[in-house]
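Same order as they appear, the protein sequences are chains A and B. Residues in the first sequence are numbered consecutively from 23, following our numbering. Residues in the second sequence are numbered consecutively from 3, following our numbering. We put the beta carbon where it would ideally sit given N, CA and C, even for glycine.
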Amino acid sequence: MTRSRDGRRAGPAEPPSHRLPPQPGELLDRTRPLAFTWNGRAHTGIAGDTIASALAAAGVRVFSRSFKYHRPRGIMTATFLDPGVTVQVGDEPNVRGAHRRLVDGMTIEAQNVWPSLRYDVRAANQLVARFLTAGFYYKTFIKPRQLWPTYEKILARFAAGGVVSRHSSPGYYDKRYAHPDVVVAGGGPAGMGAALLAAEAGAQVMLVEEEYELGGSLRWGGAPELAVLRELRAALEAAPNVEILVNSVVAGRYDDDWVSIVQRGLPHVDERLIKARAKALVVAPGLIERPFVFEGNDLPGVMLGTAVRRLVNLYAVRPGRRAVVLTANAEGDAAVTDLERAGVEVACVLDGRRGQELRRAIGRGGLTSVELADGRRIDCDLLVVSTGWTAPTSLLNMAGGQPVYDSVAARFRPGDDLPPSVLATGGLTGDGSVEELVGHGHAVGSAAAAQAGFGSARAPEPLPMHPHPALFRAGTHGMVDFSEDVTSKDLFSAAAEGYDSSELVKRYTTATMGPSQGKLETVNTVAVLAEATERSVADLGTTVWRPPYAPITLGALAGRIFEPVRHSPMQTWHVRHGARPLVASQWIRPDHYGDPQAEARNVREGVGIIDVTPLGKLDLRGPDVPLLLNAVYVNKWSKLAIGSVRYGVMCSEGGVVMDDGVTGRLDTERYLMSTTSSGAAAVWEHLEGVLQTEHPEWQVHVTPLTTHYASINVAGPRSRALLSRLTDVDLSPEAFPYMRVRTGRVAGVDDCLMWRIGFTGELSYEIHVPASYGLHVWTTLLDRGQDLGAAPFGVEAQRILRLEKGHLVVGQDTDGMTSAIDAGLEPLVKLDKDDFVGLPELGWAHERPNQPRLVGLQPVDGRVVPAEASQIVRGTKEIVGRITSSRMSPTLGRSVCMGYVAADLAHAGSTVTVVLPSGQRIDATVMPSPCHVDPEGRRLHA
Amino acid sequence: MFRIPCPHCGPRNRTEFRHIGERGSRPDPRATTPEEWRGYLYGQRNASDWTAETWYHVAGCRKFVTMDRHTLTNEIRPAAGSTATVTDDGTPR
């Protein structure tokens, strides 16, 4: 005979059913039985059941083990928040069993148990409970330090929660933007009333309800309540401008009534996150029944009055056989009536309004008896407690409203400090009959519609607050936070240790930090703390309620991932020719075509072409362009002749190198600026910032042309020969010297720009082709250059070539603190200009003579290529620099680097020590200049 | 998530904008001291109060917009004396 995973022997039939005959308001469709398993054992439920109600009908009492002490737990609230009924469904952990509807074929397992629910070994924690009180991890598992990895492994085994599978199939989540006039959070009597009248006034209404159907507490009421429910529901379904979302929750309210809603239950969509800009928000969440604190209050069999009413009326489940009831309000009284109707023997009713009390609940693994205040013991398997309410004011708090404690009603209520667009209605705001609650909802709905611009309305008459006894704790200590296993004793200890405010005690004990986010725990925590510190609940106040109101999956927050990808027009060619892709922010670029060293050699010896389309290009026009250039670059631009190109460096106001590039003058008032590829957008914004905020009087138009042109750099000693086959523009060195720009026809394409610049240090021409002809010009160059050995080269080869020439790359050889002076650009910085960006910091650089300088370096052993970012040290402890760029040079046959070294080491010939990532130290020599190949630039000026 | 009344586009979600920063008065770079200049660059008043700021409508008209914003309530009102500024009632100018 095998044991199932709940530890019980697999026996004959299921235990006797606790299912009642049909109830008037039940949610069940008895024609549709559903099969499911619980810890490996087969059971049957009915369509409409929740997981918890189906299990309760089958006689299951223990659903889980608690977080820290592994105490057995059962149904307590029978709502989404029920802390004892979190279960694993298939590969989905942490399913709220009292909310989730049963589905045919579900595989349900208990969480946080080992090896089984019945015989959970970790319940041994209870034996050492003294050492596991709140905050124990601040005082234990600290010494010896060497054992931390061991402690970590032990504690991980005891961590609570379900199991996440690596093999889950991906879910589909999406998002929606909505612009409703009125959002109503909560579909109970007042919420439904508000939605109806807001719609009648003409507003577009979104009504959001957490349960699977509208109605709130009407659903488990008697015949009159069910009649009102049917009427309201029919009216809402008939209203064309009301969108009803069930099994959905308003998760947060942000500035200007930006409201997030998590919508579930859509076909084919796991969850949808709706971001709604509402004109008015009506908050109607009702009231949440609060547990009572006493010894044994977490035993399976101890339930709240509303839990009993839900089980009996909605799911036709008999919650026990023999009950004791402690009631202090009408809901508890109604629970007694429901129990009697369900055939439960009500052994004793204690009236909290008349001071009748209990002391403790007794049992092992489940309730067996209750001890009253006078010492009498009553045998029972069900203890029903209705001692008070919590007002879920979270959404109002998110709108800036502070709740106020009403000591007559013994609960918090909304304050009067809400913004005009946020309104509250229903049980949250006061008490009354069903008609009074619906009536209040009507009035608030009209007011909300008026706020949104539909109709007009008087301010609603507030609902009264009925008196209620202030019952928080019996004379004994019990659970306050069921999810975190924090007892009232823990709270007393924390207060004694000096954690005497709500915020402090919350963080120290973790009370209210569990999955219900304080909705079941906060008021009791504050009340116990008030007791322990001899203050009042009103004085202490609650902790801050923050979004989200209800848990949201990461999937819903992520939605669908949209990542735009940018390709040059030549991308298909690169892919076909085996280019290895390089992701450069949104751009995909060819890193190399198989052998970057060979590609670099081909540029130095023959001719290569590279696709540099992502290069930033900005068209600048107007009479004041030179003023702009002088303002943003560190060097001088007033005398740039038509047809000339100049290199410029841009700094921030702090003197830090921001971007570099060349700018050419095409005509009297027409220039083209190039920027680094990653800086294209930032430089555009920077130019606009200068023009709009500093100098709106300058006449300059800036137009980004980055994607308007495909850009190809043709480089190498044979580049002139190749290009002259494709263009009539005179490429002779006299007609087209270095650092000039020409326009003309290339490969039959008009309006191409060519400038002669030299990032690679070779004779080269950068051609900007109207983008739709980019591929044509690219392939024509390669076809016509076959006999010259024309071949493509990628970004990696370009990096090698520019490093050989000592050309810095902003962001690689500079960082967020590198000034133009540190980067060796001092000759470019013209401090005698008018105001420019970077002045005066660049002028103060002499204050810091010992700043590390950018230099060229060569490892003494030319076979070693140090990893970029390797540190340069002096002695054993002093870091004096780092390697920023490092490659094997095909031209020299040895490694070449750029990096920073302290000023006193930054002269030609000094030897520095480089620490490789392995820890090995090598020597490197500082070179006379960063340029390792052809320092006179003869090839450039050919 | 508050809205910014762009003078060109009307009220738009603040996520369409990039927050540039507080508008301080820029000292004359030729006459300033390092302390005063760095105070301008890096020091922010950062008060729980009305703050003069600039935002850049990066996902919209790409104009720099100046305004005063109350950092506690995110109320927005027009800034004094700028050419591109929000209007009192949020309608585009």
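Distance from A:V227 to A:V264 at the Cβ level is roughly 5 Å; contact confirmed, criterion being Cβ atoms closer than 8 Å. In this structure B:N48 is exposed. Its beta-carbon is surrounded by fewer than 16 other beta-carbon atoms within 10 angstroms. Contact of A:Y276 with chain B by beta-carbon distance below 9 Å involves M3 and F4.
Close CB contacts of A:Q424 within its chain, under the 7 Å cut and outside five residues either way in sequence, are with G437 and D439 (chain order).
In this structure the segment 457–465 of chain A does not lie against the segment 600–612 of chain A, because fewer than three pairs of beta carbons, one per stretch, are closer than 8 Å. For A:K297, no alpha helix (DSSP H) run applies; the uninterrupted beta strand (DSSP E) run containing it begins and ends at E293 to R299, by DSSP.
Annotation for A:F476: no alpha helix (DSSP H) segment contains it, and DSSP assigns it neither H nor E. Rounded to whole angstroms, A:L236 and A:G210 show a C-alpha spacing of 6 Å. B:P13 and A:A474 have their C-alpha atoms spaced approximately 16 Å apart. Residue burial annotation: A:I176 is exposed, with fewer than 16 other C-beta atoms found within 10 angstroms of its C-beta. Along the segment 851–871 of chain A, the positions whose C-beta sits under 8 Å from a C-beta of chain B are D857, L861, P862, E863, W866 and E869, read in chain order.
Ranked by Cα distance from A:S270, the options A:E259, A:V799, A:E231 and A:E525 are led by A:E231. For B:W39, the C-beta contacts it makes with chain A under 8 Å involve P862 and E863, in order along the chain. Between the segment 785–802 of chain A and the segment 708–715 of chain A, the count of C-beta pairs closer than 8 Å stays below three; the two stretches do not touch.
In the three-state DSSP reduction, A:E367 falls in the strand class (E or B). Per the DSSP secondary-structure output, A:D856 pairs with nothing in a beta bridge. Proximity to A:G897 across A:L713, A:R778, A:D126 and A:V937 peaks at A:V937, based on C-alpha coordinates.
The C-beta of B:P36 comes closer than 9 Å to at least one C-beta of chain A. Around the C-beta of A:F758, 16 or more other C-beta atoms lie within 10 Å, and the residue is accordingly described as buried. In the pairwise beta carbon analysis, the segment 632–641 of chain A is classified as touching the segment 724–732 of chain A: at least three pairs are separated by under 8 Å. In this structure A:L445 is not in contact with A:V426, their Cβ atoms being roughly 16 Å apart against a cut-off of 8 Å. Contact of B:F19 with chain A is not assigned, every C-beta pair being separated by 9 Å or more. Annotation: A:S191 to A:M128 spans about 16 Å, alpha carbon to alpha carbon.
Using a Cβ-Cβ cut-off of 9 Å, B:P80 does not count as an interface residue toward chain A, since no Cβ of chain A sits closer than that to its own. At a cut-off of 9 Å between beta carbons, B:P9 makes no contact with chain A. Contact between A:S468 and A:A220 holds: CB atoms are separated by about 7 Å, below the 8 Å threshold. Under the 9 Å criterion on CB atoms, B:T68 is classed as interfacial with respect to chain A. The C-beta separation of B:R20 from B:W57 comes to about 7 Å, placing the pair in contact by the 8 Å criterion. Counting only the Cα atoms, A:R435 lies some 57 Å from B:T34. Three or more beta-carbon pairs separated by less than 8 Å are not found between the segment 670–687 of chain A and the segment 608–628 of chain A, which leaves the two stretches without contact. Think of a sphere of 8 Å around the beta carbon of B:T56: the chain A residues whose beta carbon falls inside it are T715, in chain order.
Using a CB distance cut-off of 9 Å, A:E585 does not count as an interface residue toward chain B. Under the Cβ distance rule, B:R64 counts among the residues neighbouring chain A, one pair being separated by less than 9 Å. Under the three-state reduction of DSSP, A:D113 is assigned to coil, being neither helix nor strand. Exposed is the label assigned to A:F584, since fewer than 16 other Cβ atoms lie within 10 Å of its Cβ.
Between A:S86 and the set A:G244, A:G184, A:L542 and A:P171, the nearest pair of CA atoms involves A:G184.
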